[in-house]
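In my numbering, the protein residues as written are 31 to 107. Idealized CB from N, CA, C, for every residue including glycine. Quick notes on the structure that follows.
Printed below as a string of structure tokens:
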């Protein structure tokens with residue numbers, strides 16, 4: 031009985047997620063960590079295929095990340 035309760039119990043939600051962002055010019059992909067409850071990412075970043083700064087937009091969520099300690103997280107307000 032106790033084992034069943036532990037298996038069916040809700041798990042804690044992670045605070046950060048790994049998302050795939052894609053260049054709107056060339057389709058170049060990057061993986062970025064952002065907060066789970068934050069807005070979708072849209073930023074201007076360097077695209078090595080073109081050699082200039084271009085617009086990147088979030089394409090899809092890849093996975094949840096637990097215990098993320100890095101302070102270089104994309105924070106959207």
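Is it the case that the Cβ atoms of residue i and residue j are separated by a distance below 8 Å?
{"i": "residue 71", "j": "residue 55", "result": "no"}
Name the two residues that bound the continuous beta strand (DSSP E) containing residue i.
{"i": "residue 46", "result": "46 to 53"}
Tell me the rounded alpha-carbon separation between residue i and residue j.
{"i": "residue 95", "j": "residue 41", "result": "13 Å"}
{"i": "residue 62", "j": "residue 51", "result": "7 Å"}
{"i": "residue 39", "j": "residue 74", "result": "41 Å"}
{"i": "residue 79", "j": "residue 68", "result": "29 Å"}
{"i": "residue 99", "j": "residue 91", "result": "19 Å"}
{"i": "residue 60", "j": "residue 81", "result": "15 Å"}
Measure how close the beta-carbons of residue i and residue j come, nearest whole angstrom, since I'm counting them as under 8 Å.
{"i": "residue 58", "j": "residue 83", "result": "With 8 Å as the limit, residue 58 and residue 83 do not qualify as a contact, their Cβ atoms being about 12 Å apart."}
{"i": "residue 45", "j": "residue 66", "result": "6 Å"}
{"i": "residue 47", "j": "residue 93", "result": "7 Å"}
Report the residue ranges of all beta strand (DSSP E) runs contained in full by the region 66 to 97; include only those spanning at least 3 residues, in chain order.
List check, beta strand (DSSP E) in window: 72 to 77 and 82 to 95.
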